[in-house]
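In our numbering, the protein residues as written are 682 to 860.
Quick notes on the structure that follows.
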(Lines of atoms letter the chains of each structure in order from A and count residues from 1; the text may use other names and numbers.)
(Lines give C-alpha, C1' and ligand atoms only; values in the text may rest on other atoms or scores of the structure.)
Protein backbone atom coordinates (compact mmCIF):
# COMPACT_ATOMS: atom_id res chain seq x y z
CA UNK A 1 0.00 0.00 0.00
CA UNK A 2 3.06 2.28 0.41
CA UNK A 3 1.30 3.87 3.40
CA UNK A 4 4.41 3.40 5.52
CA UNK A 5 6.33 5.91 3.39
CA UNK A 6 3.74 8.43 2.23
CA UNK A 7 0.12 9.43 2.57
CA UNK A 8 -2.22 7.20 0.64
CA UNK A 9 -5.42 7.65 -1.31
CA UNK A 10 -7.75 7.09 1.63
CA UNK A 11 -10.79 6.18 -0.47
CA UNK A 12 -8.85 3.49 -2.31
CA UNK A 13 -7.32 2.04 0.87
CA UNK A 14 -10.68 2.05 2.67
CA UNK A 15 -12.47 0.35 -0.22
CA UNK A 16 -9.82 -2.38 -0.29
CA UNK A 17 -8.87 -2.84 3.39
CA UNK A 18 -11.45 -0.90 5.39
CA UNK A 19 -13.62 -2.65 7.94
CA UNK A 20 -17.09 -1.54 8.90
CA UNK A 21 -20.76 -2.30 8.44
CA UNK A 22 -20.60 -1.67 4.66
CA UNK A 23 -17.71 -4.16 4.33
CA UNK A 24 -19.60 -6.80 6.30
CA UNK A 25 -22.74 -6.16 4.25
CA UNK A 26 -20.62 -6.81 1.12
CA UNK A 27 -19.36 -10.08 2.64
CA UNK A 28 -15.84 -8.74 3.25
CA UNK A 29 -15.54 -10.08 6.80
CA UNK A 30 -11.78 -10.59 6.37
CA UNK A 31 -11.26 -6.81 6.33
CA UNK A 32 -11.51 -6.88 10.13
CA UNK A 33 -8.09 -8.56 10.01
CA UNK A 34 -6.51 -7.14 6.84
CA UNK A 35 -7.44 -3.60 7.86
CA UNK A 36 -5.37 -4.03 11.02
CA UNK A 37 -2.04 -3.49 9.28
CA UNK A 38 -2.91 -0.35 7.30
CA UNK A 39 -2.85 3.28 8.43
CA UNK A 40 -3.71 6.30 6.29
CA UNK A 41 -0.75 8.44 7.36
CA UNK A 42 2.86 7.42 8.10
CA UNK A 43 2.93 9.20 11.50
CA UNK A 44 0.02 7.02 12.65
CA UNK A 45 2.23 3.94 12.48
CA UNK A 46 4.47 5.44 15.17
CA UNK A 47 1.52 6.18 17.47
CA UNK A 48 0.00 2.75 16.92
CA UNK A 49 3.37 1.06 17.34
CA UNK A 50 3.97 2.74 20.71
CA UNK A 51 0.50 1.73 21.94
CA UNK A 52 1.07 -1.79 20.67
CA UNK A 53 4.54 -2.12 22.22
CA UNK A 54 3.34 -0.87 25.60
CA UNK A 55 0.17 -2.96 25.67
CA UNK A 56 1.45 -6.06 23.88
CA UNK A 57 4.92 -5.98 25.40
CA UNK A 58 3.69 -5.74 28.95
CA UNK A 59 0.90 -8.27 28.45
CA UNK A 60 3.15 -10.76 26.66
CA UNK A 61 5.72 -10.48 29.45
CA UNK A 62 3.03 -11.21 32.04
CA UNK A 63 0.83 -13.84 30.32
CA UNK A 64 2.76 -15.18 27.32
CA UNK A 65 2.59 -14.84 23.56
CA UNK A 66 -0.50 -16.99 22.90
CA UNK A 67 -2.76 -15.19 25.35
CA UNK A 68 -1.45 -11.80 24.26
CA UNK A 69 -2.22 -12.61 20.61
CA UNK A 70 -5.66 -13.94 21.60
CA UNK A 71 -6.42 -10.67 23.43
CA UNK A 72 -5.05 -8.70 20.47
CA UNK A 73 -7.35 -10.38 17.94
CA UNK A 74 -10.38 -10.83 20.21
CA UNK A 75 -10.37 -7.28 21.54
CA UNK A 76 -10.23 -5.91 18.00
CA UNK A 77 -12.93 -8.14 16.52
CA UNK A 78 -15.25 -8.02 19.56
CA UNK A 79 -14.91 -4.23 19.76
CA UNK A 80 -15.93 -3.95 16.13
CA UNK A 81 -18.87 -6.35 16.44
CA UNK A 82 -20.17 -4.75 19.65
CA UNK A 83 -19.77 -1.28 18.13
CA UNK A 84 -21.61 -2.37 14.99
CA UNK A 85 -24.40 -3.76 17.17
CA UNK A 86 -24.70 -0.44 19.00
CA UNK A 87 -24.68 1.48 15.72
CA UNK A 88 -27.29 -0.75 14.09
CA UNK A 89 -29.53 -0.56 17.16
CA UNK A 90 -29.51 3.24 17.20
CA UNK A 91 -29.73 3.44 13.42
CA UNK A 92 -33.16 1.81 13.68
CA UNK A 93 -34.33 4.94 15.52
CA UNK A 94 -32.73 7.27 12.92
CA UNK A 95 -30.22 8.67 15.40
CA UNK A 96 -27.99 10.94 13.30
CA UNK A 97 -24.61 9.72 14.54
CA UNK A 98 -25.60 6.06 14.12
CA UNK A 99 -26.83 6.67 10.57
CA UNK A 100 -23.53 8.38 9.75
CA UNK A 101 -21.41 5.67 11.45
CA UNK A 102 -23.27 2.89 9.65
CA UNK A 103 -21.74 3.96 6.34
CA UNK A 104 -18.21 4.58 7.63
CA UNK A 105 -15.14 2.40 7.05
CA UNK A 106 -12.02 2.40 9.23
CA UNK A 107 -8.51 0.91 9.20
CA UNK A 108 -5.71 0.38 11.69
CA UNK A 109 -4.89 -1.56 14.83
CA UNK A 110 -5.66 1.09 17.41
CA UNK A 111 -8.64 -0.94 18.64
CA UNK A 112 -6.41 -3.92 19.31
CA UNK A 113 -3.81 -1.71 21.00
CA UNK A 114 -6.40 -0.23 23.35
CA UNK A 115 -7.79 -3.70 24.01
CA UNK A 116 -4.30 -4.86 24.98
CA UNK A 117 -3.89 -1.85 27.25
CA UNK A 118 -7.25 -2.57 28.89
CA UNK A 119 -6.32 -6.22 29.43
CA UNK A 120 -2.88 -5.31 30.77
CA UNK A 121 -4.48 -3.27 33.56
CA UNK A 122 -5.85 -6.50 35.06
CA UNK A 123 -2.31 -7.26 36.21
CA UNK A 124 -1.80 -3.94 38.02
CA UNK A 125 -2.30 -3.42 41.72
CA UNK A 126 -5.87 -2.47 42.58
CA UNK A 127 -5.14 1.23 43.11
CA UNK A 128 -3.16 1.59 39.86
CA UNK A 129 -5.67 -0.49 37.93
CA UNK A 130 -8.47 1.85 38.98
CA UNK A 131 -6.43 4.99 38.30
CA UNK A 132 -5.32 3.93 34.82
CA UNK A 133 -8.76 2.66 33.86
CA UNK A 134 -10.45 5.82 35.13
CA UNK A 135 -8.07 8.12 33.24
CA UNK A 136 -8.22 6.15 29.99
CA UNK A 137 -12.02 5.82 30.15
CA UNK A 138 -12.45 9.54 30.83
CA UNK A 139 -10.19 10.33 27.86
CA UNK A 140 -12.03 7.91 25.55
CA UNK A 141 -15.49 9.14 26.57
CA UNK A 142 -14.34 12.76 26.12
CA UNK A 143 -13.01 11.94 22.65
CA UNK A 144 -16.28 10.25 21.70
CA UNK A 145 -18.34 13.19 22.90
CA UNK A 146 -16.00 15.82 21.45
CA UNK A 147 -15.14 14.49 18.01
CA UNK A 148 -17.91 11.95 17.53
CA UNK A 149 -16.30 9.71 14.92
CA UNK A 150 -16.70 5.96 14.60
CA UNK A 151 -13.19 5.11 15.76
CA UNK A 152 -13.78 6.90 19.04
CA UNK A 153 -16.70 4.54 19.68
CA UNK A 154 -14.66 1.47 18.71
CA UNK A 155 -11.72 2.65 20.86
CA UNK A 156 -13.95 2.98 23.92
CA UNK A 157 -15.52 -0.42 23.33
CA UNK A 158 -12.09 -2.00 22.66
CA UNK A 159 -10.69 -0.75 25.96
CA UNK A 160 -13.74 -2.09 27.83
CA UNK A 161 -13.49 -5.43 26.00
CA UNK A 162 -9.80 -5.54 26.95
CA UNK A 163 -10.70 -4.91 30.60
CA UNK A 164 -13.13 -7.84 30.42
CA UNK A 165 -10.56 -10.12 28.76
CA UNK A 166 -7.80 -9.18 31.22
CA UNK A 167 -8.70 -11.55 34.07
CA UNK A 168 -8.99 -14.43 31.58
CA UNK A 169 -5.55 -13.58 30.18
CA UNK A 170 -4.06 -13.57 33.67
CA UNK A 171 -5.81 -16.84 34.51
CA UNK A 172 -7.90 -15.36 37.29
CA UNK A 173 -11.58 -15.37 38.01
CA UNK A 174 -13.49 -12.12 37.89
CA UNK A 175 -13.88 -10.36 41.19
CA UNK A 176 -15.66 -7.31 42.53
CA UNK A 177 -12.26 -5.59 42.80
CA UNK A 178 -11.71 -6.15 39.08
CA UNK A 179 -13.72 -3.10 38.15
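In this text, a Cβ means the ideal position worked out from N, Cα and C, and glycines have one as well.
Report task. Enumerate, from N- to C-terminal direction, the unbroken alpha helix (DSSP H) stretches of 4 or more residues contained entirely within the stretch 771-798. Result -> 777-783
Requested in this report: Check whether the Cβ atoms of residue 836 and residue 797 sit closer than 8 Å, and answer yes or no.
Outcome: no
Report task. Please name the residue or residues paired with residue 700 in a DSSP beta bridge. Result -> 787
Query - CA-to-CA distance, residue 751 to residue 831, given in whole angstroms - result: 24 Å
Query raised in the report: What distance in whole Å lies between the Cβ atoms of residue 842 and residue 763, which are believed to be in contact at a cut-off of 8 Å?
Result: 7 Å
Query raised in the report: Quick one: Cα of residue 821 to Cα of residue 767, how far?
Result: 17 Å
Query raised in the report: Where does the unbroken alpha helix (DSSP H) through residue 727 begin, and where does it stop?
Result: 723-744
Query raised in the report: Would residue 850 pass as a contact of residue 800 if the rule is Cβ separation under 8 Å?
Result: yes
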